[in-house]
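The numbering used here puts the first residue of the sequence shown at 582, with every later residue one more than the last. Using N, Cα and C, we set each Cβ at its ideal position, and we do this for glycine too. Predicted model only: the values in this text are computed from it and were never measured. One structure is given below, encoded as structure tokens.
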Amino acid sequence: MNGQGGVGTRALVSWGRTVQNVARHAGRMTHLLVGIVNAFARGRVSFRSVIDQIWWMGVQSIPIVIVTAMLGGIVTSQQGSYQFTGAIPLYILGSVVASSVVLELGPVMTAIVMVGRVGARITAEFGTMKVSEQIDALQSLGRDPVVVLAAPRVAAGILVVPVLVAIANVVGIFTGMVAANLTIGLGSGSFFYGAQLYWHKWDLVYSLTKALAFGFWIPFIAVHMGFETKGGAEGVGKATTSAVVFMTLAVLFLDASMPPIFLN
């Protein structure tokens, strides 16, 4: 009985610590969000800082986003053409590729690219500044780290991710069309006929709405985890790893929760 009681006590303590950590992160993320909103409401965010982040987060991410979208479009087209044998009209492949890319592959694959390229770097950068006391130095000089560091990155994420997703959608559909032509001889006219046949204007709105959500949460979580870093270089590594996990889970959770809300 004592052994069982000890196990139960340890489990309860572990559960309590988990709940405490979740509550602590939720509280500090709420505080961070309020600080970012106040920074923009009071016009304290540097426009130049936002432009610099747009260049780094957006323009410099275009090549990898294009490559990822090309591969996504090609794979979707090839798998679809493999399945479409028999009585199914081949032009339906255009609808499958367009819908898959716009509704799912474009936003999600772009978000995963941003997690790896942007989110991890933000967390590592802020974590290094935190453990080296550069954040404290900013505060001692009367400069709010939320205004100087966090707000421009969150704003840039909200602005650039929808644009990157739009680029990914176009590239993915075009490469899917090319792959369909090379694999099963489906012409561009038949491909776009199938794509338009089952196209809904809301699909594009849904895709960009996803992009807005991803564009906010990826840099927001990265900033938060960077500010929470402790323990020197090892702590920076742990914080970056945790941030990548949390950002990826956030992307997948949003991706799973949005269809029942927006596609019904």
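Here Arg-623 carries a coil assignment [DSSP, helix/strand/coil]. Annotation for Leu-763: no residue places its beta carbon closer than 8 Å to its own, counting only its chain and skipping 5 residues before and after.
Looking at Val-677, Gly-654, Gly-653, Leu-652, the one whose alpha-carbon comes closest to that of Gln-664 is Val-677. The Cβ-Cβ distance between Phe-843 and Tyr-787 falls below 9 Å.
Taking C-beta separations shorter than 8 Å and ignoring five residues to either side along the sequence, the partners of Ile-754 in its chain run Gly-654, Val-678, Ala-679, Val-682, Val-683, Ala-776, following chain order.
Ile-703 sits buried, since 16 or more C-beta atoms from the chains shown fall within 10 Å of its C-beta. Between Gly-796 and Met-695, the C-beta spacing is below 9 Å.
For the pair Val-759 and Val-826, the Cα-to-Cα distance works out to about 35 Å.
Assigned with DSSP and collapsed to three states, Gly-757 falls in helix. No Cβ-Cβ contact shorter than 9 Å links Ile-799 with Leu-674. DSSP places Asp-725 outside any alpha helix (DSSP H), giving it a letter other than H or E.
A direct Cα-Cα distance of roughly 20 Å separates Leu-789 from Thr-756.
Put simply, the backbone Cα of Thr-611 is about 23 Å away from that of Ala-837. Taking the Cα positions, Ala-622 is about 20 Å away from Arg-609. Leaving aside the five residues that flank Gly-616 on each side, the residues in its chain whose CB is nearer than 7 Å to its CB run, in chain order, Val-727. The three-state secondary structure of His-781, taken from DSSP, is coil. Here the C-alpha atom of His-606 lies approximately 16 Å from the C-alpha atom of Lys-819.
Sixteen is the threshold: since fewer than 16 other Cβ atoms of the shown chains lie within 10 Å of the Cβ of Val-594, the residue is exposed.
Ala-701 has its alpha-carbon roughly 14 Å from the corresponding atom of Gly-816. When secondary structure is reduced to three states using DSSP, Ser-662 falls in the helix class. Under the three-state reduction of DSSP output, Glu-809 falls in the coil class, being neither helix nor strand. Contact check for Val-741 and Thr-691: beta-carbon distance about 10 Å, past the 8 Å limit, so the pair fails to qualify.
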